[in-house]
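Protein sequences, first through last, are from chains S and Y.
Adding 17 to a residue's 1-based position in the first sequence gives its number in the working numbering.
Adding 17 to a residue's 1-based position in the second sequence gives its number in the working numbering.
Ideal placement from N, C-alpha and C gives every residue a C-beta, glycine not left out.
Everything below concerns the one structure shown next.
2 protein chains.
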Amino acid sequence: MVKHASLPRNEPGIETALGVLKQQFGERFQTGRAIREQHGHTTTWIENQPPDAVVFAHSTQEVSDIVRICAQHGVPVIAYGTGTSLEGHVNAPAGGVCVDLSQMDQVVEVNPGDLDCRVQPGVTREALNTHLRDQGLFFPIDPGANASLGGMTATNASGTNAVRYGTMKDNVLAVEAVMADGRVIRTGTRARKSSAGYDLTRLLVGSEGTLCLITEITLQLQGIPEAINSAHCSFPSVDAACQTVISVIQYGLPVARIELLDDVMVKALNAHSKLDLPETPLLLLEFHGTEAGVVEQAEIFGALAEDQGGHGYCATTTVEERNRLWKARHDAYPAMLQYRPGAQGIATDACVPISKLAECVTAAQARVAELGLIAPIVGHAGDGNFHVSPLVDMSNAEEVTKAAEFVIWLNELAISMGGTCTGEHGIGQGKRPYLDKELGGATDVMRTIKAALDPQDILNPGKVL
Amino acid sequence: MVKHASLPRNEPGIETALGVLKQQFGERFQTGRAIREQHGHTTTWIENQPPDAVVFAHSTQEVSDIVRICAQHGVPVIAYGTGTSLEGHVNAPAGGVCVDLSQMDQVVEVNPGDLDCRVQPGVTREALNTHLRDQGLFFPIDPGANASLGGMTATNASGTNAVRYGTMKDNVLAVEAVMADGRVIRTGTRARKSSAGYDLTRLLVGSEGTLCLITEITLQLQGIPEAINSAHCSFPSVDAACQTVISVIQYGLPVARIELLDDVMVKALNAHSKLDLPETPLLLLEFHGTEAGVVEQAEIFGALAEDQGGHGYCATTTVEERNRLWKARHDAYPAMLQYRPGAQGIATDACVPISKLAECVTAAQARVAELGLIAPIVGHAGDGNFHVSPLVDMSNAEEVTKAAEFVIWLNELAISMGGTCTGEHGIGQGKRPYLDKELGGATDVMRTIKAALDPQDILNPGKVL
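Right, dumping it as structure tokens:
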């Protein structure tokens, strides 16, 4: 495992705060080892650092109370949604209190006429979409995991639909947030655009629990399109698939999803989800629009793909078939782990300007081969964002070293190409070494903001900066 | 005129800084009265407050030098692009140095393959689009005035295309900025999305010169659509036109422009631009897409408009006709002033959730009538954003009072409907009274950020907060 350094613990403060919280929250205050470990990082090779206690909050007022108590005693506060983050965001390197927001799971209000809604942070994206379906609406951001909307907001999640619908930043109209002193603020209105003051909404979206705890989110929604077509298309190489994606984006085709899978990833999906996708580099596609519009989009895609040797274009014909395809795509991570039983998956998240996509992905494939690693590739190619995931036998020290070397190499490559080390996962603990490399002096400005808004450094310490 | 209070002047600091700047900048340092007044506010009824000197900067290094000198002596620094802002952004209530960025007007780099470019802040939107045209690209944000991209970034401008392409926030990938101590930072990369740290890009976009001076902007571009169709359509009432807009948005029609004009505004445009538009409430439309796509969009619009009594749908048939229509729309402000010669135009900028648009606009019309004002209405109706512009005889004290009353009433109405007092103009001096009403305690968080990043309050003092 990769171990991130523990930070100094404020033992007397923690002891006092835990006592006060136990009084107020009774059964909703938990200190059992299993529950604490489950609220630390559990998804990747980053070592688990459990909090000292977990409190299940039921209201904004309660979250504010918890933060005030922790602020008074100088105790870390870590927000927790579903724990699906990949970079150690929920670890507690200085101990402290985990605020589990999963029971704040109400859809507060849906305004179908305005295509917006307000949700509590514990609502998951699947729960929201189930809630919305009857009204002909959906929320497009889809990071794969059935994450909570609070967590998705905190990490600026995106996923398969971002190429068309943008990221959380583009779809959060406002948040209600508890600041480091327990104050509750609301950062915006339901207007679709505003130039009223500094954009606190977008400052807090993606702040990974280090500037505030998010207690309510106002989201922009989309109407379910009249027609949805899904398909897959094979390519002779990852390069040819990437070149097709580049053409699609440059053409301006409003594709709703365009996902790249290398042959290793396809094999893993076929095995895990009992599919019979052709085991070649593949693009998975989805087109949204009118009946005529999606047909036209698919035709234009077909012509662009053919130029790159694309073949075997195959559209799904039923909703079930379509759901099965995307369910399989969403199960990429468990499918990978099943592909190499006993191995640990390592998340990477490079995102480069689209013109560099083919070069970056093929370089990554070559480096994986050179290092003798097994590392399926899957990605949101339309955004230039892709995941190479080394599957590592953690008992093999040499392999672990090589995997670590690969991760560093890939992040630096993406940055050198004018891209970012993280298109959507966030910095957390795992990507902290790259932030300065990517943004230089801008990180000092981030530090100044952090120090001003959380002078005691109690909000998710040891993350981002 | 509406006079905003002068702020305390640091006379010795100003004198010293001016001496140092004069040495460094020679002819590019100006203190003549006319040039100083031209660099204060000149567009609306807000009184002109000129700076003590104007410096024409030629490079980021020079901007950094100016800010360092001013920081050393505690002197205000005000960025200036084209001076087209409407809320007093470029006024100098505490005196100080205006940094005119209009000569930093180079398009630094265009990456057609990535649909992005880097520009200096003095490049105007028209100059950029002229530069891009041969490459089949355009930059969609269109605030009407031929504003500079630096100013558009600083105020989070939007305009007619925002309903489809978003605002500056959605189209700025990164900025290079000079902070209050003269440091130069870059806030992002060319990746289309990123979760790397706090979103300084979107914090600085719309910060109105109070957190930094913007010295370079990385913009996302669009391919010029295969087909563009423009049209206008008449309605029996503003309410019917608004209801149609609401239907269009709720339907999810990807209209590129949908502008509302009331009959007064149409009369003013006809007179100013020698058009013969029907003098009824009108929607001006534009559809972008494939040849088949725009035809389909126009048909769907037609059906939705018919439901509301829309009639006289008339599409432009040539590029010249289309350009003439939109040129007239862009000349709305001079057209208004010509409509009531000698009057001063007053800008308002309410933006409400789309379901409230009809109610808000018709209430505004009724209030205008009740107060006996003349106030054409034009707006980016698809965003719920509209401008009611009282044309005021400033020598008539009663009329001035009524206009002021109307502005307060409208801003408060928009806020009470879950909207904002400013969809795109920004706060500047004029809208400061409304920020607290709109966002409550969030403005304290803005103040904390301002104090942390500009502890001497030298960057555009007296604005936003």
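Since residue i and residue j are thought to touch, with beta carbons under 8 Å apart, how far apart are those beta carbons, to the nearest angstrom?
i               : j               : result
C115 of chain Y : V124 of chain Y : Not quite, the Cβ-Cβ distance comes to about 24 Å (not below 8 Å), so this is no contact.
G223 of chain S : S224 of chain Y : At roughly 18 Å, the Cβ-Cβ gap does not stay under 8 Å, so G223 of chain S and S224 of chain Y are not in contact.
P68 of chain S  : I95 of chain S  : 6 Å
V180 of chain S : L149 of chain S : About 21 Å separates the two Cβ atoms, so there is no contact after all.
N88 of chain Y  : A197 of chain Y : With the sequence shown as reference, residue 88 of chain Y is identified as Ala, and Asn is not the correct amino acid for it. Their Cβ separation, rounded to whole angstroms, is 6 Å, which keeps A88 of chain Y and A197 of chain Y in contact under 8 Å.
Q137 of chain Y : D122 of chain Y : 6 Å
Taking 8 Å as the threshold (C-beta atoms), are residue j and residue i in contact?
i               : j               : result
G167 of chain S : I231 of chain S : yes
H249 of chain S : L294 of chain S : yes
A109 of chain Y : G57 of chain Y  : yes
T204 of chain Y : A459 of chain S : yes
S372 of chain Y : I263 of chain Y : yes
M282 of chain S : W62 of chain S  : no
P298 of chain S : M353 of chain S : no
L408 of chain Y : I391 of chain Y : yes
V201 of chain S : L236 of chain S : no
H397 of chain Y : A364 of chain Y : no
F252 of chain S : G327 of chain S : yes
V192 of chain Y : T172 of chain Y : no
N246 of chain S : E303 of chain S : yes
L452 of chain Y : G214 of chain S : yes
V92 of chain Y  : G176 of chain Y : no
I83 of chain Y  : V72 of chain Y  : yes
L290 of chain Y : A345 of chain Y : Checking the sequence shown, residue 290 of chain Y turns out to be Ser, not Leu. Closer than 8 Å, so yes.
T465 of chain S : L470 of chain Y : yes
L321 of chain Y : T379 of chain Y : no
G329 of chain S : G105 of chain S : no
A184 of chain Y : I158 of chain Y : The amino acid occupying residue 184 of chain Y in the given sequence is Thr; Ala does not appear at that position. Against a cut-off of 8 Å, the Cβ pair of I158 of chain Y and T184 of chain Y comes out as a contact.
A288 of chain S : Y350 of chain S : no
P160 of chain S : A174 of chain S : yes
K210 of chain Y : N402 of chain S : yes
L300 of chain S : A258 of chain S : yes
In chain S, what lies closer than 9 Å to residue i by C-beta?
i               : result
I371 of chain Y : G130, D131, L132, R209
L452 of chain Y : A213, G214
For a contact defined as C-beta to C-beta under 8 Å, what are the partners of residue i on chain Y?
i               : result
V487 of chain S : Outside the displayed range of chain S (18 to 482) lies residue 487 of chain S, so it cannot be described from this structure.
V481 of chain S : G214, Y215
Q267 of chain S : P129, G130, L132, G240
I263 of chain S : G130
Compare the C-beta of residue i with all C-beta atoms of chain Y and state if any pair is closer than 8 Å.
i               : result
M463 of chain S : yes
C87 of chain S  : no
M196 of chain S : yes
V84 of chain S  : no
R219 of chain S : yes
G30 of chain S  : no
Under 9 Å Cβ-Cβ, which residues of chain Y neighbour residue i?
i               : result
G303 of chain S : Note that residue 303 of chain S is Glu in the sequence shown, not Gly. The premise fails here: E303 of chain S is roughly 16 Å from chain Y at the closest Cβ pair, so nothing lies under 9 Å.
How about residue i: is its C-beta nearer than 8 Å to some C-beta of chain S?
i               : result
D324 of chain Y : no
T460 of chain Y : yes
L166 of chain Y : no
I202 of chain Y : yes
At 7 Å on the CB atoms, spell out the chain Y contacts of residue i, in chain order.
i               : result
T206 of chain S : G435, G436, T437, E455
Problem set entry | Positions along the region 292 to 322 of chain Y whose CB lies within less than 7 Å of some CB in chain S | T307, A309, G310, E313
Problem set entry | Contact list for the region 354 to 382 of chain Y against chain S, Cβ threshold 7 Å | C368, V369, P370, I371, S372
For this session: Could you name the residues of the region 168 to 189 of chain Y whose beta carbon sits closer than 7 Å to any beta carbon of chain S, in the order they occur along the chain?
Result: T172, N173, S175, A179, T184, K186, D187
For this session: Determine which residues of the region 466 to 479 of chain Y have a Cβ less than 9 Å from any Cβ of chain S, and write them out in chain order.
Result: Result list: I466, K467, A468, A469, L470.
Exercise. If contact means a Cβ-Cβ distance below 8 Å, which residues of the region 389 to 412 of chain Y contact chain S?
Worked result: D400, G401, N402
Problem set entry | Residues, ordered as in the chain, of the region 423 to 448 of chain S that lie near chain Y by beta-carbon distance below 9 Å | A431, I432, M434, G435, G436, T437, C438, T439, G440, E441, H442, G443, I444, K448
Problem set entry | Contacting positions in the region 100 to 124 of chain S - beta carbon closer than 7 Å to chain Y | none
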